[in-house]
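Whatever position you read off the sequence shown (first residue = 1), add 19 for the working numbering.
Just so you know, even glycine gets a beta-carbon here, dropped at the ideal spot from N, CA and C.
Notes for the one structure printed next.
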Amino acid sequence: MSTNKEKILSYLKEETLQSINHHNFTFEKCNALILSMELYIDRTNVSRILNDLHKEGKLIKKAGRPTTFISREIIRNSFPFVSIPDTLNKNETISDFIRYDVPAKEQTIVQSFSMVGSQQNGSLYEAVTRILPVFYLPKYFFKIFFMQGEAGTGKKFFLEEMLNRAKTLGLASRESSVYYIEFSDIYVNLRKTIEMMEKDHNIFILAIEFVQKNVDAEVLSGFVHSLEIQYKNKKDAPMIAFIGASELQSDLLHSISPVILNFPSAKDRPQSELISILLSMIQKESNRLDKTMFVSSQFIQLVLHKCSNLHQLENEILYTISRILYTSSTAGKNNELMLDASVLLDSERDEIIKSIPELKAEIPDKIQIRPNGEIDFDKLFLNSNELLAETKNIVSDYFTKQLLICSRVTAAVSENSYSGDRLISGITKAFNKSVFCQDPFLKEKVEHMILSVFRKDKSLDIVKETPSMDIQTPQMKALLNNLIQLAQTNHCKLSKTQEKMIQSILAYAHLIMSDIHIPVIITSKYHLLASNYANLFNLFFDRRIIHTFPAVLSGKRNETRTNLENLYEFAVSINRGQGVLILSDADMKQTITNYFFPKTKVLSYNVQFHSFILVKEILKLSVKKNASIISIIPNLLISQNDEMKILKDNQLKSYTLRSADKHLLFASKLTPGINTFTTNELFFRALRAIAKKLDIKLNNSLIFEFLFHANCILFQKKHNFDFSKNVMDHMDIDYAVLEVIQEKIQELSSPDFNVSAFTMKDYQILYEAVFHSALQSLWER
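The structure is reproduced here in structure tokens:
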């Protein structure tokens with residue numbers, strides 16, 4: 020039988036849900052008097068239970084007469100993108116925070132802009148996912164973002180789509196608009212200009228355009244500060260969108276807002292997207308004129324070749340349709356319009372078309388567009404591989420998988436024959452004095468691949484299909500000649516294809532280890548986490564900057580000493596002359612520092628291994644030209660202090676701050692192809708349940724670590740990577756904790772990933788993330 024507490028909570032959940040569904044945000048039945056009468060419970064007991072439930076965080080309390088209590092669970096489920104305090108003043112209402120009166124089931128429309136390229140893997144996908152959280156920032160929050168890109172890349176159209184989404188959601192009134200003004204015009208007299216604009220316009224987005232390419236940092240910072248003062252405490256302050264060229268200073272923009280949207284030029288967008296945009300423009304004209312239009316593939320081919328940006332594309336289409344409309348009207352043909360090559364070319368059509376590159380996307384020869392119809396782009400490009408080819412990422416590259424993420428020595432297997440062992444020995448000798456000695460793991464892997472080419476191993480056939488890479492340096496050309504000579508000496512004749520394969524392997528291997536001034540070593544007992552960090556960042560920079568070195572888990576003195584000796588020799592081998600940075604666990608830091616300090620072969624600096632935030636800052640410092648350990652230490656100390664302040668905080672428990680956090684936005688760049696906008700929220704939900712079950716503090720450190728490695732797991736599955744393939748045995752595991760993590764992850768359900776595909780190694784990665792960030796610090800106190 021239900022207790023009074025359970026009855027009251029159940030009643031409030033039902034009433035809260037009914038009020039939301041009926042767009043009634045007064046919740047007049049959610050008070051002690053009504054509850055007492057409806058449930059036949061003494062009013063004093065009802066009041067006591069209500070206050071207890073409020074203290075437990077299950078109810079939102081609204082002061083007034085009568086005092087109202089609202090189910091937090093129902094509010095959170097109905098409006099997951101808003102942050103509402105535990106107690107509301109008598110003058111505040113729930114609608115003040117949610118700002119619209121539509122139930123949550125309508126909110127899903129915001130996750131798909133009706134823009135070409137906004138789908139996952141589209142050229143505007145990142146821009147869309149970055150801007151969505153801005154919709155749900157609190158109404159008093161000063162919303163500001165930057166848009167960068169050449170003229171004609173669709174920035175203004177993007178803003179109009181934002182306005183349409185806001186109107187659909189009830190976030191903006193039907194009269195709202197986007198107001199465009201140049202920076203020079205508003206900067207001169209800010210207050211007067213804003214008063215004039217607001218007098219005649221209901222502005223939802225104030226778009227401020229930079230005509231000049233460079234903006235003075237002090238001028239822009241001061242102007243933004245003035246805007247904040249102007250709109251301080253204004254309920255209906257507009258979003259501020261700065262529009263400028265791509266050359267605007269990135270560091271300056273990041274100091275003002277974490278939301279920076281980059282718009283690619285037309286030449287950098289997949290051709291299938293440009294075709295979709297072109298057809299959408301024609302569809303719009305078909306609707307306006309109420310005419311059926313037929314579009315030939317040759318017309319599309321010519322228009323795309325003729326136009327270099329979206330403005331030109333739109334003008335060309337409008338002019339062409341107007342001209343056809345005039346011609347067809349005078350000829351008495353009013354129902355259909357034909358857009359083919361003849362309307363663009365008067366003579367020598369075939370010769371001109373032959374000189375223009377053919378379309379990469381496979382589309383029908385003739386496409387019919389009806390008034391108020393819909394173009395099924397998925398069906399249109401059903402047989403085309405163009406989108407996949409043009410959005411191809413480095414993760415699909417064979418050399419990337421073979422060389423960039425190799426982490427352990429792959430020894431060549433002896434053939435137990437004089438000639439075979441002599442060939443292996445010769446390859447090893449050829450590499451011994453090469454530049455590859457600065458990366459021992461890569462050296463061994465390249466030697467193994469070269470031997471596989473000599474042996475005509477079928478597993479390397481894919482290399483034949485990769486574009487041949489030219490060798491740029493005399494040292495690599497000499498090494499290639501030595502290998503070819505070695506093959507001849509050992510009666511192993513190489514074909515031209517084999518020679519090109521060896522050339523490509525050497526060229527790419529040399530590329531990914533070049534331009535590295537300060538190599539980084541992560542040595543940690545959290546082997547799986549270290550492997551994830553190294554591989555994701557190396558993939559991002561397309562360089563082998565970060566190396567992992569296994570830490571000894573036992574406390575035996577002799578094993579620790581041997582491990583330190585091996586770590587030092589490894590640091591010496593990868594040193595480029597500017598020193599080596601070492602990231603280690605807190606309990607290892609002092610030991611490593613003490614051992615390295617009296618050594619003279621390599622200059623080193625040891626940093627405690629916390630999170631990807633510091634790794635990012637370290638790499639930004641270390642890849643700069645002329646960087647050295649001595650020169651970066653001051654900035655490194657500042658970065659360490661900044662990181663600790665961020666990790667100790669807990670503001671990332673808020674959805675709005677989590678969605679706009681610049682560090683999580685950066686982390687999403689490291690896992691291309693993963694919809695982190697969705698997965699971060701799913702994994703956060705699981706993490707919150709894990710933290711509650713294990714009774715651990717949910718802070719930024721734990722949130723960063725868990726989300727980073729959870730998305731890394733999905734990234735590996737999507738692109739068929741295995742970062743932990745050669746990682747040594749795992750640390751001792753508390754299986755009770757592992758079972759909790761596994762249980763909460765398996766409760767997730769999402770089309771973005773399949774939970775059943777998670778392996779025990781995946782759960783061990785998340786175990787390490789939780790242990791590293793939370794449990795260790797808890798148990799050490």
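(1) If we require 3 or more residues per run, which beta strand (DSSP E) segments fall completely within the segment 620-664?
(2) Could you compute how far the alpha carbon of K175 sits from the alpha carbon of I262?
(3) In its own chain, which residues sit with a C-beta less than 7 Å from the C-beta of R563, not counting the 5 before and 5 after it?
(4) DSSP state of L225, grouped into three classes?
(5) What first and last residue would you give for the beta strand (DSSP E) that runs through K81?
(6) For L442, collect the residues of the same chain with a Cβ closer than 6 Å to its Cβ; drop the 5 residues on either side in sequence, then sort them by chain order.
(7) Which stretch, first to last residue, makes up the beta strand (DSSP E) that contains K716?
(8) So, are the CB atoms of L602 and I540 less than 9 Å apart?
(9) Is N50 helix, strand or coil when you go by DSSP?
(10) Using DSSP bridges, identify the partner residues of M357.
(11) At what residues does the alpha helix (DSSP H) containing N739 begin and finish?
(12) Flag this pair as yes or no: are the beta carbons of F396 and V278 separated by less than 9 Å?
(13) Count the other CB atoms, across all protein chains shown, that sit within 10 Å of the CB of K639; report buried if there are 16 or more and exposed otherwise.
(14) Nearest CA to the CA of D680: which residue from T690, N699 and K379?
(15) Go to H41, then tell me how far its beta strand (DSSP E) extends in each direction, as first and last residue.
(16) Starting from Y545 and walking both ways along the alpha helix (DSSP H), at which residues does that stretch end?
(17) Where does the unbroken beta strand (DSSP E) through F88 begin, and where does it stop?
(18) Please tell me whether F161 and L246 are closer than 9 Å, where the distance is taken between their beta carbons.
(19) Would you kindly work out how many angstroms separate the C-alpha atoms of A506 and T516, rounded to a whole number?
(20) DSSP has N281 in a bridge; who is on the other side?
(21) Under a three-way DSSP split, which group does Q517 fall into?
(22) Sort out for me which residues DSSP pairs F261 with in a bridge.
(23) Is it buried or exposed for D61, if we count other Cβ within 10 angstroms and need 16 for buried?
(24) Which residues does DSSP list as the beta-bridge partners of L602?
(25) Taking 8 Å as the limit between beta carbons, can you name the residues of its chain near I784, skipping five residues before and five after?
(26) Using a Cβ-Cβ cut-off of 6 Å (strictly less than) and excluding sequence neighbours within five positions of Y614, which residues of its own chain qualify?
(27) Closer than 8 Å: is that where the CB of N509 sits relative to any heavy atom of the ligand MN?
(28) Do three or more CB pairs link the segment 84-97 to the segment 38-52 at distances below 8 Å?
(29) Smallest Cα separation from A380: which of D359, E333 and S295?
(30) Would you mind giving the Cβ-Cβ distance between N625 and T612, rounded to the nearest angstrom? I have them listed as a contact below 8 Å.
(31) Where I259 and R210 are concerned, what is the direct C-alpha to C-alpha distance, given to the nearest angstrom?
(32) Please identify the residue among M134, I224, V465 and E145 whose C-alpha is closest to the C-alpha of Y527.
(33) Flag this pair as touching only if the segment 447-456 and the segment 490-507 have three or more C-beta atom pairs under 8 Å; answer yes or no.
(34) I need the boundaries of the alpha helix (DSSP H) containing T581, first residue and last residue.
(35) By DSSP's criteria, I388 is part of a beta bridge. Which residues make up the other side?
(36) Would you list the one or two residues that DSSP bridges to V197?
Checking against the coordinates, here is how it stands:
(1) 623-627
(2) Sequence index remark: in the sequence shown, residue 175 carries index 156 (1-based). Sequence index remark: in the sequence shown, residue 262 carries index 243 (1-based). Cα to Cα, K175 sits roughly 9 Å from I262.
(3) One-based indexing of the sequence shown puts residue 563 at position 544. Cβ within range, chain order: L423, D458, L461, I531, M532 and N557.
(4) One-based indexing of the sequence shown puts residue 225 at position 206. It is a strand residue.
(5) Counting from one through the sequence shown, the residue named residue 81 turns up at place 62. Note, K81: beta strand (DSSP E), L78 to K81.
(6) The residue labelled residue 442 in the question sits at position 423 within the sequence shown. Once the five neighbours on either side are set aside, the close Cβ partners of L442 are N509.
(7) Taking the first residue of the sequence shown as position 1, residue 716 is located at position 697. First-last for K716: undefined, no H or E at that position.
(8) If you number the sequence shown from 1, residue 602 lands on position 583. If you number the sequence shown from 1, residue 540 lands on position 521. Yes, the pair counts as a contact, with Cβ atoms nearer than the cut-off.
(9) Counted from its first residue, the sequence shown places residue 50 at position 31. Here N50 sits in strand by DSSP.
(10) Against the sequence shown, residue 357 aligns to sequence position 338. DSSP lists F313 as partners of M357.
(11) As a first step, residue 739 must be located in the sequence shown, where it is residue number 720. Note, N739: premise wrong, no alpha helix (DSSP H); not H, not E.
(12) Translated into positions along the sequence shown, residue 396 becomes position 377. Translated into positions along the sequence shown, residue 278 becomes position 259. Taking 9 Å as the Cβ cut-off, F396 and V278 do not qualify as a contacting pair.
(13) The residue labelled residue 639 in the question sits at position 620 within the sequence shown. K639 comes out exposed.
(14) As a working note, residue 680 is residue 661 in the sequence shown. Per the Cα distances, N699.
(15) Sequence index remark: in the sequence shown, residue 41 carries index 22 (1-based). Unbroken run through H41: none, as it is neither H nor E.
(16) Taking the sequence shown and counting its residues from 1, one reaches residue 545 at position 526. Unbroken run through Y545: none, as it is neither H nor E.
(17) Taking the first residue of the sequence shown as 1, we reach residue 88 at position 69. Segment T87 to S90, the beta strand (DSSP E) holding F88.
(18) Translated into positions along the sequence shown, residue 161 becomes position 142. Translated into positions along the sequence shown, residue 246 becomes position 227. Taking 9 Å as the Cβ cut-off, F161 and L246 qualify as a contacting pair.
(19) Translated into positions along the sequence shown, residue 506 becomes position 487. Translated into positions along the sequence shown, residue 516 becomes position 497. Approximately 14 Å between the Cα atoms of the pair.
(20) Counted from its first residue, the sequence shown places residue 281 at position 262. DSSP lists Q167 as partners of N281.
(21) Here residue 517 refers to the residue found at position 498 when the sequence shown is read from its first residue. Correct three-state label for Q517: helix.
(22) Within the sequence shown, residue 261 is the residue found at index 242, counting from 1. Beta-bridge pairing links F261 to F165 and I227.
(23) Here residue 61 refers to the residue found at position 42 of the sequence shown. So D61 ends up on the exposed side.
(24) Taking the first residue of the sequence shown as 1, we reach residue 602 at position 583. Paired residue(s): I541 and V626.
(25) Locating residue 784 in the sequence shown gives position 765, counting from the first residue. Excluding residues within five positions, the ones whose Cβ falls inside 8 Å are L547, L548, N551, H728, C731, I732 and S743.
(26) As a position in the sequence shown, residue 614 is number 595, starting the count at 1. Only L583 meet the Cβ criterion.
(27) For the structure depicted, the ligand MN is absent and the ligand set is empty, with no information on it obtainable.
(28) yes
(29) Here residue 380 is taken as the residue at index 361 of the sequence shown, counted from 1. Ranking D359, E333 and S295 by Cα distance to A380 puts S295 first.
(30) Taking the sequence shown and counting its residues from 1, one reaches residue 625 at position 606. Taking the sequence shown and counting its residues from 1, one reaches residue 612 at position 593. Their Cβ separation, rounded to whole angstroms, is 5 Å, which keeps N625 and T612 in contact under 8 Å.
(31) Taking the sequence shown and counting its residues from 1, one reaches residue 259 at position 240. Taking the sequence shown and counting its residues from 1, one reaches residue 210 at position 191. Distance between the alpha carbons of I259 and R210 is about 15 Å.
(32) Taking the first residue of the sequence shown as position 1, residue 527 is located at position 508. Measuring from the Cα of Y527, the nearest candidate turns out to be V465.
(33) yes
(34) Within the sequence shown, the letter at position 562 stands for residue 581. T581 -> alpha helix (DSSP H) spans R576 to I593.
(35) Residue 388 sits at position 369 when you count from the first residue of the sequence shown. Paired residues: M312.
(36) Numbered from 1 along the sequence shown, position 178 holds the residue referred to as residue 197. Note: V197 sits in a beta bridge opposite I224.
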